[in-house]
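What follows is a single structure, written as structure tokens, with notes after it.
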Amino acid sequence: MEDLSKLCIHTLTTKPWDIEYAAEQYARAGVGGISVWQQYLNGRNPVQIGKMLSDYGLEVPALVRGGFFPSTDRSKRDLAVEENKKMLETAAALGADMLVLVCGADPGQALETSRSQIREGIEQLITLASECRVKLAIEPLHPMYADTRSAVNTLEQANDMAEAIQSDWVGVAIDVYHLWWDPHLETEIIRCGKNNNIFAFHICDWMSPTADMLNDRGLMGEGCIPVRTIRSWVENAGFNGFNEVEIFSDRLWASDQHQFLEKIIHAYKHNS
Ligand code: ZN
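Using the working numbering, read the sequence shown as starting at -10 and increasing by one per residue.
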């Protein structure tokens, strides 16, 4: 894949760079898109940042990340909905196509209860999402995060939820890191595509052994995920959006970020 127009990088991938520098470097390298983690907007005006990104020719597939709906405490659930509404407005100001949802979980209650609270939370956002013209992407997370980060752990569960909510504004973000192990992945990707629910495709690799549950992701080709095979499934299911590189890695963050960006592009061309 020599063409980089469908390559997007998440700002958290090059964690040490601020958004201004990251945008300049991505654009200079020919990268087509940038997905913005909310902390990179601290102290900044999202309209101005959106203008800067657009001036660099960068598209903004996503603002990351909303969600975290479930709680045993009703007032915390209401607060989460309010915070997500603010994020939808920020995403619109930035010019992002979608808000990625890390849906949340509360270990003090059953996963089923958390899932129904996630659905209730998302349903309260749909009107504003349509007004803002910002899509909501449910991102299923690997089951090792089912205690606190997400009660949605398989693509099947995300498909079930998106189909039950049945809104053009609600779909799914498919991340190879979270889903590569699932024997039903290809079938569920086909189902997701048939329902027009594939909103995003996130790529990285699974290091073996994995040294840290959160911050030891690898470059595509460094680990054991068949990224190219999964990408072919997603594309065969009708997805033609960005391939979003989302790598959290203490090891790679500690390295020279310019060399890291070159490695990302090499891994994208040869192992994705
Ligand atoms: Zn992701």
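We treat Cβ as the ideally placed atom computed from N, Cα and C, and that holds for glycine.
- For residue 249, there is no enclosing beta strand (DSSP E); the residue is found in the alpha helix (DSSP H) stretching over 246 to 260.
- Around residue 182, the same chain offers 226, 227 as residues with beta carbons nearer than 6 Å, after the five sequence neighbours per side are excluded.
- In the DSSP annotation of this structure, the continuous segment of the alpha helix (DSSP H) that includes residue 148 starts and ends at 144 to 154.
- Between the stretch 51 to 71 and the stretch 81 to 91 there are three or more C-beta pairs closer than 8 Å, enough to call the two in contact.
- For the pair residue 127 and residue 151, the CB atoms are nearer than the 8 Å cut-off.
- Less than 8 Å separates the beta-carbon of residue 124 from that of residue 188.
- Taking a contact to require three or more Cβ pairs closer than 8 Å, the stretch 133 to 146 and the stretch 162 to 176 qualify as touching.
- Distances taken from the Cβ of residue 171 to the heavy atoms of the ligand ZN include none shorter than 7 Å.
- In this structure the stretch 61 to 74 does not lie against the stretch 10 to 25, because fewer than three pairs of beta carbons, one per stretch, are closer than 8 Å.
- Burial of residue 3 is indicated by the presence of at least 16 other C-beta atoms within 10 angstroms of its C-beta.
- For residue 22, the closest C-alpha among the options 184, 39, 31, 222 is that of 39.
- Within its own chain, the residues whose Cβ lies closer than 6 Å to the Cβ of residue 117, once the five positions on either side in sequence are excluded, are 74, 77, listed in chain order.
- A distance below 6 Å between beta-carbons, with the five flanking residues on each side excluded, links residue 236 to the following residues of its chain, in chain order: 2, 193, 206.
- Relative to the ligand ZN, the beta carbon of residue 51 is positioned no closer than 7 Å to any heavy atom.
- Cβ atoms of residue 107 and residue 58 come within 8 Å of each other, at about 5 Å.
- Taking each of -5, 30, -4 in turn and checking the Cα distance to residue 10, the smallest one comes out for 30.
- The beta carbon of residue 158 sits closer than 7 Å to those of 115, 118, 119, 124, 125, all from its chain and outside the five residues before and after it, given in chain order.
- Residue nearest to residue -7 within the set 28, 212, 232 is 232 (criterion: CA-CA distance).
- Listed by position along the chain, the residues with Cβ atoms less than 5 Å from a non-hydrogen atom of the ligand ZN are 164, 191, 235.
- Around the beta carbon of residue 93, 16 or more other beta carbons lie within 10 angstroms, which makes this residue buried.
- Residue state for residue 87 is assigned as strand, using DSSP reduced to three classes.
- If you ignore the 5 residues before and after residue 246, its C-beta comes within less than 7 Å of the C-beta of 3, 5, 6, all in its own chain and listed in chain order.
- According to DSSP, residue 66 shares a beta bridge with no other residue.
- Note on geometry: alpha-carbon atoms of residue 137 and residue 240 lie some 25 Å from one another.
- Note on geometry: alpha-carbon atoms of residue 68 and residue 110 lie some 10 Å from one another.
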